[in-house]
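Q: Chains as they are written, first to last, in the numbering used here: chain A, 667 to 911; chain B, 271 to 668.
I have a structure I would like to understand better, so I am pasting it below and will then ask my questions one at a time.
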Ligand SMILES: Nc1ncnc2c1ncn2[C@@H]1O[C@H](COP(=O)(O)OP(=O)(O)O)[C@@H](O)[C@H]1O
Ligand SMILES: [Mg+2]
């Protein structure tokens, strides 16, 4: 089931600030994520989950340590090269959806393709295909303001999928949703994972983590322990960590 | 990619239509002011040049001035004959005398001037006949009571639409028959209204109005191939000799060159136009600062959008290009609206001041290009700021 490693973190540290104000958010994270995996990252608030996701997503650089993406060391890449890496291989889903306001679901979904130099017709076609995966084609012309939270997050997922990314990164994707909408989103993610996409998701809700194949527990800037389930979906695993935000 | 960037910019502008309009108002006003000023300046120059050329180019006007003892010595017929016959290159010499009179017609009176002239005067001073005819040779020789009225007299004394030809008007106590109407002569050598005059054969005016054979002043038209300074020197030398002036004595007459007046006035108007246009151009720069201000606000407002774009893989240069394009497109719109506004203003003001409307493609193009340039210059800093945002910070921005 698990393929070759896509993401390898070795001794990653991250220090914010300098001198007396310096704060070590990550203190030597080791983590390997293989192709086809569905990883849930759990841990107390402030334990370094988002910081790790930002580094994995090439939005931030570690203070020390080695990060290999598909076997390539990311810290040697320039800012522009990291942009291109995100463009080509990564899809992002955020807690706050982060859709462009007053812009239709379709146009929001098209957005990443603009940076792929696709023409309008091709963008439209790909965006509709992506919206179809999340079941929102009938809502294509609606703006975020006209959609429910769950629908907005599905648009965000469609936007992340439209470029056929290798890895989908989701930082608390259900953090702003009620439990019913959360379950819909998780089933969607589990479906996508079954169709082959690698997913790394931060959550503090054990119920949501149960959809993942692997659960990584963070504590004080370190990986405390890793649980491996049998498969995604109904495999009931017990998260031993308190999931407080 | 450029096409898409342009479409994005247009969408963004449409999203904030009112704000976009207010933002570009500075550019609109600046462009409109510059173009209107330059267009009107050109129109005024052309108009003045036309009025002066109505005097006749290559014309010298000679008139007596008081000498040191306060004596004012007029010219006479013999002076005119001498100039005509003794100076090479002279085409026509036309003397005139004038006297202030009251013109009366149909019980109305009007203060004006009677000018004693010849048909040669009409040639030398480029006076055209709008209606009717010139004096006949017989009328000139006999000094008949016939006259040609100026446009001002026509307007003041006659009912619009009626022909003055054949009518008798009275000048003080002398009655004369209108045989022609002169075209507008434009501004003259002084600040008098040359259209407020009645032309009569010179002999008649000398006899009935001034009572002597004096000539107040005369115009000399000469061959365009003759240098005007050489002509002025020749005239001065001849007249000094005829007026028995000794070496060291000042001229008791003056010679002015209409071509020189022409050049002076045109260059003065040109300088004024340049100054006013430069002042107007300052508002363009102020407009640019307005663009920068709003673009900075826009960057702050759209910080999260910038974060999203960066997260999905936009490079710093692409973010910068997007905001720069927006600023340039805004300014180009401002430029276009300014050009339209200037067109309307120039047409309206030209009409109000009866100036010719002359469309100047160069200043229109230049103003447009400058507004685009202002977009680049003042859009650069906000666009750069946008491109240098940290994506994580930007995504977290409220
Ligand atoms: N930009 C930053 N500057 C300073 N401290 C930061 C910054 N980002 C995160 N931190 C700190 O690093 C720690 C880990 O943060 P984060 O990774 O966001 O935690 P979480 O597990 O809740 O997502 C926290 O204590 C947070 O305050
Ligand atoms: Mg977090």
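Note that beta-carbon positions come from the ideal geometry of N, C-alpha and C, so glycine has one too.
This one's a predicted model, so the numbers in the text were calculated from it and none came from an experiment.
Say yes only if the C-beta of residue 868 of chain A is nearer than 8 angstroms to one or more non-hydrogen atoms of ligand 2, and no if none qualify.
A: Yes, ligand 2 has a heavy atom inside 8 angstroms of this Cβ.
Q: Near residue 365 of chain B, which residues of its chain fall below 6 angstroms by C-beta distance, leaving aside the five closest residues on each side in sequence?
A: Counting only Cβ-Cβ distances below 6 angstroms, and skipping sequence neighbours, we find 350, 485, 488.
Q: Is residue 463 of chain B helix, strand or coil by DSSP?
A: Strand at residue 463 of chain B.
Q: Does the separation of the CB atoms of residue 505 of chain B and residue 478 of chain B fall below 9 angstroms?
A: In this structure, residue 478 of chain B does not lie closer than 9 angstroms to residue 505 of chain B by Cβ.
Q: Any heavy atom of ligand 1 closer than 8 angstroms to the beta-carbon of residue 851 of chain A?
A: Residue 851 of chain A Cβ: outside cutoff for every heavy atom of ligand 1.
Q: What residues are listed by DSSP as bridge partners for residue 487 of chain B?
A: Partner(s): B:366.
Q: How is the beta strand (DSSP E) around residue 591 of chain B delimited, first residue to last?
A: From DSSP, residue 591 of chain B is part of no beta strand (DSSP E) but of the alpha helix (DSSP H) over 586-622.
Q: Residue 339 of chain B by DSSP, collapsed to three states: which one?
A: Reduced to three states, the DSSP call for residue 339 of chain B is coil.
Q: Give a yes or no on whether the minimum CB-CB distance between residue 587 of chain B and chain A is below 9 angstroms.
A: Closer than 9 angstroms: yes.
Q: Going residue by residue through the stretch 822-881 of chain A, where are the continuous alpha helix (DSSP H) segments of at least 4 residues, counting only ones entirely within it?
A: Taking only runs of at least 4 residues, the alpha helix (DSSP H) segments lying wholly in the stretch 822-881 of chain A are 845-860, 872-875.
Q: Is it the case that the Cβ atoms of residue 771 of chain A and residue 739 of chain A are separated by a distance below 9 angstroms?
A: Result no, Cβ atoms of residue 771 of chain A and residue 739 of chain A do not sit closer than 9 angstroms.
Q: Return the chain-ordered ranges of every beta strand (DSSP E) run that is complete within the stretch 422-461 of chain B and spans a minimum of 3 residues.
A: Listed in chain order, the complete beta strand (DSSP E) runs (minimum 3 residues) inside the stretch 422-461 of chain B are 438-441, 444-452.
Q: Residue 400 of chain B lies in the beta strand (DSSP E); which residues open and close that run?
A: Residues 399-402.
Q: Using only CA atoms, which one of A:836, A:773, A:799 lies nearest to residue 718 of chain A?
A: If we check each option's Cα against that of residue 718 of chain A, A:836 comes out closest.
Q: Here's a check: name, in chain order, each residue in its chain whose Cβ is nearer than 6 angstroms to the Cβ of residue 608 of chain B, leaving out the five neighbours to either side.
A: So the qualifying residues of the chain are 298, 301, 302.
Q: Within the same chain, show all residues whose beta-carbon is closer than 6 angstroms to that of residue 315 of chain B, passing over the 5 residues directly before and after it, in chain order.
A: Cβ neighbours of residue 315 of chain B beyond the five flanking positions: 536, 539.
Q: Apart from the five residues on each side of it in sequence, which residues of its chain come closer than 6 angstroms, Cβ to Cβ, to residue 280 of chain B?
A: Counting only Cβ-Cβ distances below 6 angstroms, and skipping sequence neighbours, we find nothing.
Q: Kindly identify the DSSP beta-bridge partner or partners of residue 527 of chain B.
A: Bridge partners of residue 527 of chain B: B:330.
Q: For residue 561 of chain B, which beta-bridge partners are listed by DSSP?
A: In DSSP, residue 561 of chain B forms no bridge with anything.
Q: Would residue 664 of chain B be called buried (16 or more neighbouring beta carbons within 10 Å of its own) or exposed?
A: The residue in question, residue 664 of chain B, is buried, as its Cβ has 16 or more Cβ neighbours within 10 Å.
Q: Give, in chain order, every residue of the stretch 572-587 of chain B whose Cβ lies closer than 8 angstroms to some Cβ of chain A.
A: Flagged, chain order: 574, 575, 577, 578, 579, 580, 581, 582, 583, 584, 585, 586, 587.
Q: Can you tell me whether residue 632 of chain B is buried or exposed, with buried defined as 16 or more other CB within 10 angstroms of its CB?
A: So residue 632 of chain B counts as exposed.
Q: Just to confirm, is the Cβ distance from residue 810 of chain A to residue 774 of chain A under 9 angstroms?
A: A contact, by the Cβ cut-off of 9 angstroms.
Q: Can you find a heavy atom of ligand 2 that lies under 8 angstroms from the Cβ of residue 885 of chain A?
A: No, the Cβ of residue 885 of chain A stays beyond 8 angstroms of every heavy atom of ligand 2.
Q: According to DSSP, simplified to helix, strand and coil, what is residue 282 of chain B?
A: Residue state, collapsed to three classes: helix.
Q: To which residues of the same chain is residue 621 of chain B closer than 8 angstroms at the C-beta, ignoring the five residues directly before and after it?
A: Excluding residues within five positions, the ones whose Cβ falls inside 8 angstroms are 627.
Q: If you measure from each residue's Cβ to the nearest non-hydrogen atom of ligand 1, which ones come out under 5 angstroms, in chain order?
A: Working through the chain, the matches are A:682, A:691, A:711, A:712, A:713, A:714, A:715, A:716, A:717.
Q: Would you say residue 662 of chain B reaches chain A, if we count a Cβ-Cβ gap shorter than 9 angstroms as a contact?
A: Output row for residue 662 of chain B: interface = yes.
Q: Looking only at C-alpha atoms, which of B:593, B:533, B:464, B:372 sits nearest to residue 649 of chain B?
A: Selected option, being the one with the closest Cα: B:593.
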